[in-house]
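Report on the structure given below.
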Amino acid sequence: MLKEDMILQESISTYETWFHGQGFWDASVLSLNLSRLSIRGWAQFLVNVAIAIADSGQHTAEQVVSVWMDVEAVYNHSDLILFLRSGGAMKMLAPDFTKRPMGKPLPDIAKICLCLVSPTQAHLKFWQVKHNAQQALRARDVVLTVSCSFCRRVWRLPTSELAGSVKHRDGRYARVLAYSVEKGWL
Numbered sequence: 100m101l102k103e104d105m106i107l108q109e110s111i112s113t114y115e116t117w118f119h120g121q122g123f124w125d126a127s128v129l130s131l132n133l134s135r136l137s138i139r140g141w142a143q144f145l146v147n148v149a150i151a152i153a154d155s156g157q158h159t160a161e162q163v164v165s166v167w168m169d170v171e172a173v174y175n176h177s178d179l180i181l182f183l184r185s186g187g188a189m190k191m192l193a194p195d196f197t198k199r200p201m202g203k204p205l206p207d208i209a210k211i212c213l214c215l216v217s218p219t220q221a222h223l224k225f226w227q228v229k230h231n232a233q234q235a236l237r238a239r240d241v242v243l244t245v246s247c248s249f250c251r252r253v254w255r256l257p258t259s260e261l262a263g264s265v266k267h268r269d270g271r272y273a274r275v276l277a278y279s280v281e282k283g284w285l
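Heads up, the sequence shown is in our numbering, so the first residue is 100 and it goes up one at a time.
So, in structure tokens, the structure goes:
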């Protein structure tokens, strides 16, 4: 486990203990790796979550995941951790398959694929990603391959250690992980 993951897991345990000890909020959302803050997007996200809860009369993680995937300004710029009083923590990763398939950054192509390109052609060298991700597929069962756009050499990316499962909605994908204090991210 990476040092950053251990620190995050420790922080999540602390926050989850506090969250379940307080009596005011039924849900809490934390943003991870926020790349751009869109107040309008977050407002839309919160309003849509409130509408989904009002329509169904209950708080469910599935509602929050669906709304998050629908609100482009939030989905494209932040992964989330959700805490519900009725359950444990849940991490939602937006896997942009061109940069972060399954929520993990792609390796630097220049360090992995050593095919030679001239400086004027360097912009033509990038990863092309293929995957078999689909609704409810376990993340560890997703087959990810990357190929160099220039020389077409192919590599398979490891997924056997990935926790969670795939959510698919309107052409967007998410990797969703449940949290256990004893076991970490599942």
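Backbone N, C-alpha and C define an ideal beta-carbon position, used for all residues, glycine too.
Predicted model, so just to flag it, every value in this text is computed and none were measured.
Remark: C-beta atoms of residue 140 and residue 170 approach each other more closely than 8 Å. Per DSSP, residue 209 lies in no beta strand (DSSP E) segment; the continuous alpha helix (DSSP H) that holds it begins and ends at 208 to 211. Where residue 144 is concerned, the enclosing alpha helix (DSSP H) starts and stops at 138 to 155. Listed as beta-bridge partners of residue 277 by DSSP are 189. Pairing residue 161 with residue 213, the inter-Cα distance amounts to about 43 Å. Using a Cβ distance threshold of 8 Å, residue 202 and residue 178 count as a contacting pair. Only residues of its own chain outside the window of five on either side were considered, and among them 231 have a CB closer than 6 Å to the CB of residue 242, listed in chain order.
In the DSSP annotation of this structure, residue 169 is not part of any beta strand (DSSP E); the continuous alpha helix (DSSP H) holding it starts and ends at 160 to 169. It is roughly 14 Å from the alpha-carbon of residue 153 to the alpha-carbon of residue 144. Contact between residue 187 and residue 278 holds: CB atoms are separated by about 5 Å, below the 8 Å threshold. 209 is the residue among 233, 209, 133 whose C-alpha sits nearest the C-alpha of residue 223. The alpha carbon of residue 128 has as its nearest neighbour, out of 182, 269, 215, 283, the alpha carbon of 182.
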